[in-house]
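Enquirer: My questions all concern the structure below.
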Amino acid sequence: MHVLLKGDFNMNKIIIIPTGDEIYEGILIDTNSPKIMSRLIEKYPAASIKRNKPVRDKKKLITKAINQSVQKNYQLILTVGGTGGGGKSTKSLANDYSHESILKLASDYETISIYGYNGHLWSKIVVALIKNSLIITLPGPQIEALAALDAALNSINEPLDKRKICDNIANAVINKYPHREGKSAIRYTHN
Numbered sequence: 003m004h005v006l007l008k009g010d011f012n013m014n015k016i017i018i019i020p021t022g023d024e025i026y027e028g029i030l031i032d033t034n035s036p037k038i039m040s041r042l043i044e045k046y047p048a049a050s051i052k053r054n055k056p057v058r059d060k061k062k063l064i065t066k067a068i069n070q071s072v073q074k075n076y077q078l079i080l081t082v083g084g085t086g087g088g089g090k091s092t093k094s095l096a097n098d099y100s101h102e103s104i105l106k107l108a109s110d111y112e113t114i115s116i117y118g119y120n121g122h123l124w125s126k127i128v129v130a131l132i133k134n135s136l137i138i139t140l141p142g143p144q145i146e147a148l149a150a151l152d153a154a155l156n157s158i159n160e161p162l163d164k165r166k167i168c169d170n171i172a173n174a175v176i177n178k179y180p181h182r183e184g185k186s187a188i189r190y191t192h193n
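To convert a position in the sequence shown, counted from 1, into the numbering used here, add 2.
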């Protein structure tokens, strides 16, 4: 397990990569990026923070955007959306590729999968290190994206432990939804 200690990781350059055909085509307005950027500015006021243009739901395009960000030495890369099962779980949905794209590039990573009661993949969170870039997937629904971001940012202040960041993100997302009959509405597993 690769653990970075506080101070080993400077957050001088941050990029947000929104994903999804619906965002790319303008069917839905990207309201996540401005809110994410606002929280990042509050946490890292001296950082250069950029929003990448939205990327279509294509594994090759998402992989390219992440790889370009790594090559440009962004210390924190946040993908937004594309973390669920998508078309793999429900045929009427587009495929989600953010998590797969990161896993294609990274060898140093931790993942956690959140499943609904119906057994479908709800969200696969990935926290990876590639060169000097910390890459984190955030779910697309805003309530989940902001909860995940807050959990990640709070975890980055601790000694940087990818598994702990994954756990904190998953718990933050899960806690945004009510529990049924004393049980969590969802379950999660590390991969």
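Where a beta carbon is used, it is the ideal one built from N, C-alpha and C, also for glycine. Keep in mind it's a predicted model, so treat the numbers as computed, not measured.
1) To the nearest angstrom, how far is the alpha carbon of Ile19 from that of Asn75?
2) Entirely within the segment 54 to 82 and at least 4 residues each: give me those alpha helix (DSSP H) ranges in chain order.
3) Mind checking which residues open and close the alpha helix (DSSP H) that includes Pro20?
4) Could you spell out where the alpha helix (DSSP H) holding Glu146 opens and where it closes?
5) Quick one: using the 10 Å Cβ neighbour count with 16 as the cut-off for buried, is Pro36 buried or exposed?
6) Reducing DSSP to helix, strand and coil, say where Ala172 ends up.
7) Can you tell me whether DSSP reads Ile164 as helix, strand or coil?
8) Identify the residues that DSSP records as bridge partners of Ile138: which are they?
9) From Pro143 to Gly83, what distance separates their C-alpha atoms?
10) Do Lys126 and Ser115 have their beta-carbon atoms positioned less than 8 Å apart in this structure?
11) Check Asp110 in the structure and name its three-state DSSP category.
12) So is Lys164 buried or exposed if we call it buried at 16+ other beta carbons inside 10 Å?
13) Should Pro141 be labelled buried (16 or more other beta-carbon atoms within 10 Å of its own) or exposed?
14) Straight-line CA distance for Tyr117 to Ala174?
15) Give the DSSP-derived three-state secondary structure of Leu30 in the structure shown.
16) Just how far apart, CA to CA, sit Ala49 and Ile16?
Expert: Quick look at the numbers:
1) As a first step, residue 19 is located in the sequence shown; it is residue number 17 there, counting from the start. As a first step, residue 75 is located in the sequence shown; it is residue number 73 there, counting from the start. C-alpha separation (whole angstroms): 15 Å.
2) 61 to 73
3) Here residue 20 refers to the residue found at position 18 of the sequence shown. Note, Pro20: premise wrong, no alpha helix (DSSP H); beta strand (DSSP E) at Lys15 to Pro20.
4) Here residue 146 refers to the residue found at position 144 of the sequence shown. It spans Gln144 to Ile158 - the alpha helix (DSSP H) in which Glu146 sits, taken as one unbroken run.
5) Translated into positions along the sequence shown, residue 36 becomes position 34. With fewer than 16 Cβ atoms within 10 Å of its Cβ, Pro36 is classed as exposed.
6) For this step, residue 172 is matched to residue 170 along the sequence shown. The answer is helix: DSSP assigns Ala172 an H, G or I state.
7) For the purposes of this step, residue 164 is taken as the residue at position 162 of the sequence shown. The sequence shown places Lys at residue 164, not Ile. Helix, per DSSP.
8) As a working mapping, residue 138 is identified with position 136 in the sequence shown. DSSP output for Ile138 lists Leu80 and Val129 as bridge partner(s).
9) What you label residue 143 is simply residue 141 of the sequence shown in a count that begins at 1. What you label residue 83 is simply residue 81 of the sequence shown in a count that begins at 1. The alpha-carbon atoms of Pro143 and Gly83 are separated by roughly 8 Å.
10) Locating residue 115 in the sequence shown gives position 113, where the first residue counts as 1. Locating residue 126 in the sequence shown gives position 124, where the first residue counts as 1. Their beta carbons are under 8 Å apart, which means Ser115 touches Lys126 by this criterion.
11) In the sequence shown, residue 110 corresponds to position 108, counting from 1. Strand.
12) Mapped onto the sequence shown, residue 164 falls at position 162. Buried: at least 16 other Cβ atoms inside 10 Å.
13) In the sequence shown, residue 141 corresponds to position 139, counting from 1. Pro141 comes out buried.
14) Locating residue 117 in the sequence shown gives position 115, counting from the first residue. Locating residue 174 in the sequence shown gives position 172, counting from the first residue. Going from the Cα of Tyr117 to the Cα of Ala174 covers about 14 Å.
15) Looking up residue 30 in the sequence shown gives position 28. Correct three-state label for Leu30: coil.
16) Looking up residue 49 in the sequence shown gives position 47. Looking up residue 16 in the sequence shown gives position 14. Near 7 Å, if we compare the C-alpha coordinates of Ile16 and Ala49.
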